[in-house]
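Number of protein chains: 2
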Amino acid sequence: MQLQPREVGVLTTLIEDYIQTAVPVGSRTIAKKSNLNLSPASIRNIMADLTEKGYLEQPHTSAGRIPSALGFRFYVDSILQYHPLSSEKRNLMTEHIGDAKLDVPDLLRNASRLLSAFTRQVGMVLAPKASDIGFKHIDFVLLKPCLVMTILVVEGGIVQNKIISADPALNSDDLVKFSNFLNHLFQGRTLAQVRARVVQEMEAAKKQYQTMSGQALALVQQAFATDREREVFVEGTVNFFGHPEFSNPAKLRELLALLEERTRLLELLDQVCKPEGISIFFGREVEQDGFQEYTLISSPYQGQDSPLGVVGVIGPIRMDYAKVVPLVEFTAQVISQLLRNRF
Amino acid sequence: MQLQPREVGVLTTLIEDYIQTAVPVGSRTIAKKSNLNLSPASIRNIMADLTEKGYLEQPHTSAGRIPSALGFRFYVDSILQYHPLSSEKRNLMTEHIGDAKLDVPDLLRNASRLLSAFTRQVGMVLAPKASDIGFKHIDFVLLKPCLVMTILVVEGGIVQNKIISADPALNSDDLVKFSNFLNHLFQGRTLAQVRARVVQEMEAAKKQYQTMSGQALALVQQAFATDREREVFVEGTVNFFGHPEFSNPAKLRELLALLEERTRLLELLDQVCKPEGISIFFGREVEQDGFQEYTLISSPYQGQDSPLGVVGVIGPIRMDYAKVVPLVEFTAQVISQLLRNRF
DNA sequence: TCTGGCACTCGGTCGCACAGAGTGCTAAAC
DNA sequence: GTTTAGCACTCTGTGCGACCGAGTGCCAGA
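The listed protein sequences derive, respectively, from chains E and B. Quick note: the first sequence, position 122, residue 122 per this note's numbering, numbers continuous. Quick note: the second sequence, position 203, residue 203 per this note's numbering, numbers continuous.
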């Protein structure tokens with residue numbers, strides 16, 4: 001079902017007006033704002049056609065039209081022209097995200113904050129999935145007798161800590177030996193491979209609990225016993241208050257609840273995140289309660305080569321895509337850049 | 001200005017009713033709910049006295065009364081009887097906060113979440129101030145040539161990471177030597193002392209950049225170059241939506257903005273946190289914009305002996321103090337308990 | 001094919017009246 | 001002297017009707 005050029009013109013004008021005003025748009029407004037040189041009456045005919053085809057909706061008989069999800073989809077896929085980012089803005093962002101001295105979580109949180117500040121929407125960054133990343137270093141620190149802290153560093157300088165209990169006979173020197181042994185053993189593998197290797201070695205070393213390697217493996221197995229939930233940094237939820245679509249507190253509440261509940265949020269991101277390039281998802285297109293009316297714009301970032309995580313922006317369907325999309329894209333680039341130096 | 005027993009009775013009934021309903025309370029209601037056996041007319045006289053003395057306020061002529069800040073202050077200081085926590089609840093909380101395997105941030109975040117879930121208010125936990133804690137261990141990992149990750153472990157198993165740049169000539173073996181040297185040097189000091197010591201040693205070693213100790217100090221100095229902001233875990237902001245006092249979105253927005261802006265929040269906590277015992281602060285009693293209408297209930301937690309941080313709950317002045325206060329107190333106890341095992 | 005005109009629809013707002021909750025005061029009862 | 005019943009008064013919230021304005025759909029004519 002192709003749209004005629006005039007229909008596209010009306011749809012574009014309508015959507016862009018609606019993005020600015022959040023109010024149903026009438027034929028008169030479009031007649032004035034578009035450069036089609038048609039009278040309101042003609043516009044009305046075109047609008048009726050667009051409504052029939054599903055691109056527009058009418059809240060009630062005597063209101064103007066608002067774009068439907070289909071309308072927005074058509075707009076972002078076929079019409080939208082992105083504004084390129086000004087170089088001042090690029091500099092400003094690069095500067096603020098990345099003091100390269102930051103550790104990865106701080107860096108990602110910064111990115112999320114900046115994104116939220118610049119777009120006036122809610123910023124979101126999904127942290128790398130640890131198990132896909134290369135092992136770098138493991139270390140044990142004896143906090144007290146029987147209480148050992150394991151510190152696991154993966155490539156890029158991402159650190160995970162865990163506290164485990166240990167044989168009372170172990171002392172600091174033992175721990176140093178263990179870490180030397182394990183660092184050597186795990187060199188150059190991903191965490192997932194390390195995990196597998198641990199299981200395998202444990203099998204082999206089953207009978208030799210007394211040996212150094214047996215003890216070391218028992219210790220490291222504890223460190224790997226449970227998986228950490230993948231982190232998500234969500235910043236700027238206050239921005240929701242700026243938008244008229246959130247004047248209904250119940251809706252706002254539902255969305256905030258979704259964002260606070262990390263497991264549901266991760267589920268949502270899983271559904272939505274394509275491995276490459278910018279993507280724009282409307283809530284109606286995903287199966288997640290309470291997200292029906294919102295949009296997620298996201299772009300993956302990567303280290304040396306493989307994708308690590310995702311940055312994005314969450315807001316109402318009515319969003320200034322032309323401005324927000326390039327910002328999200330650029331943020332992903334900056335993060336990729338910063339991380340690449342570390343991998 | 002002492003209150004007579006009857007006045008106290010009326011005030012108590014009124015506040016407790018108001019805590020439940022959030023609606024101005026009239027004389028008839030009090031006459032029925034209190035056990036003073038007085039008619040509404042008599043209650044009205046007493047209420048007029050209480051209003052004159054500043055314990056009650058009247059939103060408008062024909063409304064009932066609501067407690068003033070002074071009224072609440074009197075209530076929490078002189079009247080309030082805490083409900084002891086049921087042992088099931090104690091068990092439930094202990095169990096959920098503390099899998100002792102968690103690292104400190106996760107543990108504190110958990111505590112904050114639980115507190116928020118049980119009180120239906122917003123939970124808050126202020127993390128320990130690193131500089132007061134004892135040094136435990138420092139470690140360097142070579143991520144790439146010129147790029148070193150420093151891992152600093154302090155007592156209790158709190159970890160701080162930082163990425164710093166290094167002399168290209170350094171290799172992993174050098175880093176091991178450095179950390180051995182420094183771990184020995186800093187043994188048994190607090191971070192603040194370590195900082196001071198680094199400065200002092202740098203002075204002494206000024207001329208000997210070539211020596212191992214000179215290089216090690218140069219490296220560690222970078223690691224200590226900037227201070228980290230003290231962390232605060234705020235959880236359950238969605239709970240604000242449950243309370244009628246937040247039906248005004250502008251107020252809600254202001255409070256959320258305050259909670260998102262960590263520096264302002266830290267300022268507030270600084271004003272409010274007494275070093276010992278539970279404390280209840282009304283917004284009107286502190287100088288922090290946007291906090292006028294809320295209450296912060298807080299209690300410090302400690303490791304082996306000295307106070308480390310604070311746990312608390314933020315909500316409207318109208319709060320079920322009898323229930324919330326013991327919960328906050330108990331959470332602080334559980335955290336103290338868990339941390340004590342590690343210090 | 002486009003446009004001017006016209007009747008119609010529907011939501012938002014304004015004004016008004018009214019009910020309900022609560023007060024303060026007075027006078028009578030205990 | 002204290003307590004209480006009664007009463008007039010005040011103020012808010014709500015429901016209702018009228019009205020205004022924005023916008024539509026359709027028809028007839030350019």
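C-beta atoms are modelled at their ideal positions from N, C-alpha and C, and glycine is treated no differently. Only a predicted model underlies this, so the values are computations on that prediction, with no experimental measurement involved.
(request) Can you pull the chain B residues whose beta carbon is under 8 Å from the beta carbon of F74 (chain E), in chain order? (result) On the first sequence, position 74 is the one that residue 74 (chain E) refers to. Per Cβ cutoff of 8 Å: no residues; F74 (chain E) is ~33 Å from chain B at best.
(request) Just mark G54 (chain E) as buried or exposed, buried being the case when its beta carbon has 16 or more other beta carbons within 10 Å. (result) Start at 1 with the first residue of the first sequence, and residue 54 (chain E) comes out as number 54. Counting the other Cβ atoms within 10 Å of the Cβ of G54 (chain E) gives fewer than 16, which makes it exposed.
(request) Spell out whether any CB of chain E is found under 9 Å from the CB atom of A257 (chain B). (result) On the second sequence, position 257 is the one that residue 257 (chain B) refers to. So yes, A257 (chain B) belongs to the interface.
(request) Just confirm the distance between the C-beta atoms of L152 (chain B) and V141 (chain B), as a whole number of angstroms; I'd bet it's less than 8 Å. (result) Within the second sequence, the letter at position 152 stands for residue 152 (chain B). Within the second sequence, the letter at position 141 stands for residue 141 (chain B). The Cβ separation is near 12 Å, so there is no contact.
(request) Kindly list the residues whose CB is nearer than 8 Å to the CB of S299 (chain B), restricted to its own chain and excluding five residues on each side of it in sequence; keep chain order. (result) Here residue 299 (chain B) refers to the residue found at position 299 when the second sequence is read from its first residue. The answer, listed in chain order, is G277, I278, S279, V310, V311, G312, V328, E329, T331 and A332.
(message) At the level of alpha carbons, what is the spacing between Y301 (chain B) and L36 (chain B)?
(response) Working through the second sequence from its first residue, we reach residue 301 (chain B) at position 301. Working through the second sequence from its first residue, we reach residue 36 (chain B) at position 36. Taking the straight line joining both Cα atoms gives about 41 Å.
(request) Taking the CB atoms as reference points, tell me whether F371 (chain E) and P316 (chain E) lie closer together than 9 Å. (result) Chain E is shown from 1 up to 343; residue 371 (chain E) falls before or after that span and cannot be answered.
(request) Quick one: grab the DSSP three-state call for T295 (chain E). (result) As a working mapping, residue 295 (chain E) is identified with position 295 in the first sequence. T295 (chain E): strand per DSSP, three-state reduction.
(request) Would you please verify whether the beta carbon of N171 (chain E) is less than 9 Å from any beta carbon of chain B? (result) Indexing the first sequence from 1 puts residue 171 (chain E) at position 171. It does not: the Cβ of N171 (chain E) has no partner Cβ on chain B nearer than 9 Å.
(message) Tell me the rounded alpha-carbon separation between S336 (chain E) and F118 (chain E).
(response) Numbered from 1 along the first sequence, position 336 holds the residue referred to as residue 336 (chain E). Numbered from 1 along the first sequence, position 118 holds the residue referred to as residue 118 (chain E). Their Cα atoms are separated by approximately 19 Å.
(message) Taking the straight line between their C-alpha atoms, what separation do you get for S131 (chain E) and R197 (chain E)?
(response) Against the first sequence, residue 131 (chain E) aligns to sequence position 131. Against the first sequence, residue 197 (chain E) aligns to sequence position 197. Using only the alpha carbons, I get a separation of about 13 Å.
(message) If the criterion is Cβ atoms closer than 9 Å, does the pair S165 (chain E) and Q222 (chain E) meet it?
(response) By 1-based counting over the first sequence, the position of residue 165 (chain E) is 165. By 1-based counting over the first sequence, the position of residue 222 (chain E) is 222. The Cβ atoms of S165 (chain E) and Q222 (chain E) lie closer than 9 Å to each other.
(message) Determine whether the beta carbon atoms of Q288 (chain E) and L256 (chain E) lie at a separation below 9 Å.
(response) Mapped onto the first sequence, residue 288 (chain E) falls at position 288. Mapped onto the first sequence, residue 256 (chain E) falls at position 256. Not in contact: Q288 (chain E) and L256 (chain E) (Cβ atoms no closer than 9 Å).
(request) Closer than 7 Å, Cβ to Cβ, to anything on chain E: give me those residues from the stretch 139-166 of chain B, in chain order. (result) Listed in sequence order: D139, V141, L143, K144, L147, M149, I151, V153, G157, V159, N161, K162, I163 and I164.
(message) Check for me: the beta strand (DSSP E) holding N37 (chain E) runs from which residue to which?
(response) Within the first sequence, residue 37 (chain E) is the residue found at index 37, counting from 1. Neither: N37 (chain E) is in no beta strand (DSSP E) and is coded neither H nor E.
(request) Provide the residue span of the alpha helix (DSSP H) that contains K33 (chain B), from first to last. (result) Against the second sequence, residue 33 (chain B) aligns to sequence position 33. Residues S27 to K33.
(request) State yes or no: is the C-beta of L229 (chain E) within less than 9 Å of the C-beta of R189 (chain E)? (result) Within the first sequence, the letter at position 229 stands for residue 229 (chain E). Within the first sequence, the letter at position 189 stands for residue 189 (chain E). The residue asked about is misnamed: residue 229 (chain E) is Glu in this sequence, not Leu. In this structure, E229 (chain E) keeps its C-beta atom at 9 Å or more from the C-beta atom of R189 (chain E).
(message) Against chain E, with Cβ distances strictly below 9 Å, would L114 (chain B) count as a contact?
(response) Walking along the second sequence from the start, residue 114 (chain B) turns up at place 114. By this cut-off, L114 (chain B) is not an interface position.
(request) Anything in the stretch 115-126 of chain E with a Cβ closer than 8 Å to a Cβ of chain B? List those residues in chain order, please. (result) Under the 8 Å Cβ criterion, the stretch 115-126 of chain E contributes no residue.
(message) Would E23 (chain E) and G71 (chain E) qualify as a contact pair, given that the criterion is a beta-carbon distance under 9 Å?
(response) Within the first sequence, the letter at position 23 stands for residue 23 (chain E). Within the first sequence, the letter at position 71 stands for residue 71 (chain E). In the sequence as presented, Glu is not what sits at residue 23 (chain E); that position holds Val. The answer is no: Cβ separation not under 9 Å.
(request) Report the residue from B:T237, B:I163 and B:E57 whose alpha carbon sits nearest the alpha carbon of V220 (chain B). (result) Counting from 1 along the second sequence, the entry for residue 220 (chain B) is found at position 220. Out of B:T237, B:I163 and B:E57, B:I163 has the C-alpha closest to the C-alpha of V220 (chain B).
(message) Taking DSSP's pairing of strands, which residues face M149 (chain E) in a bridge?
(response) Locating residue 149 (chain E) in the first sequence gives position 149, counting from the first residue. Paired residue(s): E:V141 and E:I163.
(request) Mind checking who P326 (chain E) pairs with in its DSSP beta bridge? (result) Your numbering for residue 326 (chain E) matches position 326 in the first sequence. BP columns for P326 (chain E) are empty, so no partner.
(request) Consult DSSP for T190 (chain B) and reduce its assignment to one of helix, strand or coil. (result) As a first step, residue 190 (chain B) is located in the second sequence; it is residue number 190 there, counting from the start. In this structure, T190 (chain B) counts as strand in the three-state DSSP scheme.
(message) For N341 (chain E), which residues in the same chain have their Cβ closer than 8 Å to its Cβ, ignoring the five residues on either side in sequence?
(response) Start at 1 with the first residue of the first sequence, and residue 341 (chain E) comes out as number 341. So the list reads A100, once near-sequence residues are dropped.
(message) My output table needs one value for F181 (chain B): the three-state DSSP class, helix, strand or coil.
(response) Sequence index remark: in the second sequence, residue 181 (chain B) carries index 181 (1-based). In the three-state scheme derived from DSSP, where H, G and I count as helix and E and B as strand, F181 (chain B) is classed as helix.
(message) Applying the 10 Å Cβ sphere with the 16-neighbour rule, what's the burial state of K274 (chain E)?
(response) The residue labelled residue 274 (chain E) in the question sits at position 274 within the first sequence. K274 (chain E) is exposed by the Cβ-count criterion.
(message) Helix, strand or coil for I97 (chain B)? Go by DSSP, reduced to three states.
(response) Looking up residue 97 (chain B) in the second sequence gives position 97. Correct three-state label for I97 (chain B): helix.
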